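Report on the structure given below.
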Amino acid sequence: MSDQLTWVPVVNRWSNQAYFTQTFTGWHSGVARRDYMEAWIERTGPLTPGETAAAACLRAVLQAEDGEHILATVLPAANADEAAAALAGTWSPEVCEVWQEAVRALAPRFERVWSENEQRLHNHAQILSGGSVSWLRDAVRETDAFFGLDRQAAPLRVYLLLSAPGYSGGNGSMLTGPGGMTFECSGMKEQDFENSLPGFIHEVMHARHQPEVLHRLIEDLLADRDLVGKEPEQYVQTPIAALGVDFESYLGEVVLHSLWPTGALAWKYFRNCGVNLWRRFSRDMNVYDYWVFFPAHVLATITRSYLDQGRVVDLDLLRHAYDIHVALRRHSRTDATKQ
38 MSDQLTWVPV VNRWSNQAYF TQTFTGWHSG VARRDYMEAW IERTGPLTPG
88 ETAAAACLRA VLQAEDGEHI LATVLPAANA DEAAAALAGT WSPEVCEVWQ
138 EAVRALAPRF ERVWSENEQR LHNHAQILSG GSVSWLRDAV RETDAFFGLD
188 RQAAPLRVYL LLSAPGYSGG NGSMLTGPGG MTFECSGMKE QDFENSLPGF
238 IHEVMHARHQ PEVLHRLIED LLADRDLVGK EPEQYVQTPI AALGVDFESY
288 LGEVVLHSLW PTGALAWKYF RNCGVNLWRR FSRDMNVYDY WVFFPAHVLA
338 TITRSYLDQG RVVDLDLLRH AYDIHVALRR HSRTDATKQ
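Quick note on the numbering used here: the sequence shown kicks off at 38 and runs consecutively.
Shown next as structure tokens:
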């Protein structure tokens, strides 16, 4: 879509079945999304005892083994047979059987949801493949420039997946491995799809910009004399760490959210972006909002100055992000007794 970064939308029936199957396990709150599961159950009826048992077995396997890598093994496959072969080449027969049983048990339910949503995914793929969204090319070009990506990158495979009505989301390259990403969007109507694109760019950053740029900068940050031996050990004591978010992922989220979907670049392209955001935070803020979105939107004012000056993300910006986090940590109720 820009001179530096392109993507290829992929609408794959099997990838959607793999994603749909794992959703009913509830093994990971950010991947097996409960709101999707509840919407699909409301649409297709209560789970049967067989489905419940198969999902529970798969949940146990995904949590006991490396769930992310299991899914990254099967989801990008072209079809079920290719996925089974890839899984058998890496994991035990017991893991393979549990996976296959869950797929079989939930297949009739998947068929119904898929038949109702497949065309919308193809419609969204057409939008992402063309130039019908006029601002998207410039927005991605500016994002690339902020991260200093000025070379031609290999096309990113974007697997478009099922979502609940009104929802969109993604997990970067977590479920695909390098060179790919997922974006759940079937729940967005065509006329509303453009509103989900700031979130799409956020996932693109997870798949491309975070591993290529932020990983090195966070390593440099942790090499600071004042931080060696202190971080991320002190971070482990925070509530956000208790959710299973490691320090590098956390700080990366803060920086990425300072740009998209409601940060400094989003402000430029969506004039009403963030209207009443702080009011919502003050009323409904949860643990994740408090530790990620709150510092990200403080950092966004600094990020905007970088954009205005044509500056590229650097170690100084990462230090700002870290200092905002530490200020929040020092005055959180959880850490107050430790000061």
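Here a beta-carbon is modelled for each residue, glycine too, at the ideal position from N, C-alpha and C.
Keep in mind the model is a prediction, meaning the values are calculated, not measured.
The beta carbon of Leu355 is closer than 6 Å to those of Leu254 and Leu258 in its chain, skipping five residues each way along the sequence. Each of His357, Val324 and Gly82 was checked against the Cα of Thr340, and the nearest Cα belongs to His357.
DSSP links Trp44 through a beta bridge to Leu193. Within the same chain, and ignoring the five residues on either side of Gln100 in sequence, the residues whose Cβ sits closer than 6 Å to its Cβ are Trp64.
Taking one beta carbon from each stretch, the region 158-167 and the region 65-82 have fewer than 3 pairs nearer than 8 Å; the two do not touch. In the displayed model, Met242 falls within a helix according to three-state DSSP. For Leu198, the CB contacts under 6 Å within the same chain, skipping 5 residues up- and downstream, are Asn53, Tyr56, Thr219 and Glu221 in chain order. Straight through space, the alpha carbons of Asp187 and Thr180 are spaced by roughly 11 Å. Taking 8 Å as the cut-off, the Cβ atoms of Trp51 and Asn154 do not count as close. Residue nearest to Gly236 within the set Gln59, Leu288, Gly167 and Ala303 is Ala303 (criterion: CA-CA distance).
Between Glu256 and Thr299, the alpha-carbon positions lie close to 26 Å from each other. In the structure shown, Leu198 adopts extended strand secondary structure according to DSSP, grouped into three states. Asp229 and Ala260 have their C-alpha atoms some 44 Å from each other.
When the alpha-carbon of Arg348 is set against those of Phe184, His362 and Pro215, the nearest one is in Phe184. A direct Cα-to-Cα measurement between Arg308 and Glu88 gives close to 46 Å. Per DSSP, Glu119 lies in no beta strand (DSSP E) segment; the continuous alpha helix (DSSP H) that holds it begins and ends at Ala117 to Ala125. In the three-state reduction of the DSSP assignment, Glu270 falls in the coil class. Note that the region 360-371 touches the region 322-341; at least 3 beta-carbon pairs, one per stretch, sit closer than 8 Å. For Thr340, the enclosing alpha helix (DSSP H) stretches over residues Phe331 to Gln346. Taking the Cα of Cys310 as reference, the smallest distance to any Cα among Ser233, Met225 and Glu227 is reached at Ser233. The beta carbons of Trp44 and Leu165 sit closer together than 8 Å. Put simply, the backbone Cα of Leu193 is about 5 Å away from that of Gly217.
Here the alpha carbon of Ala121 sits roughly 19 Å from the alpha carbon of Tyr196. For Thr219, the secondary structure class from DSSP, reduced to helix, strand or coil, is strand. With contacts defined by Cβ atoms closer than 8 Å, Ala139 and Thr58 form a contacting pair. In the DSSP annotation of this structure, the continuous segment of the alpha helix (DSSP H) that includes Asp360 starts and ends at Leu352 to Arg367. Within the same chain, and ignoring the five residues on either side of Ala278 in sequence, the residues whose Cβ sits closer than 6 Å to its Cβ are Tyr272. Inter-residue distance for Arg70 and Ser152 is about 21 Å (C-alpha atoms, whole angstroms). Distance from Ser200 to Gly209 at the Cβ level is roughly 16 Å; contact not present, criterion being Cβ atoms closer than 8 Å. Relative to Tyr287, the option among Val324, Arg320, Thr85 and Arg262 whose CA is nearest is Val324.
Rounded to the nearest whole angstrom, the C-alpha separation of Met322 and Val291 is 16 Å. Excluding five sequence positions before and after Val150, the CB atoms of its chain that fall closer than 8 Å to its own CB belong to Phe57, Trp77, Arg80, Thr81 and Leu199, given in chain order.
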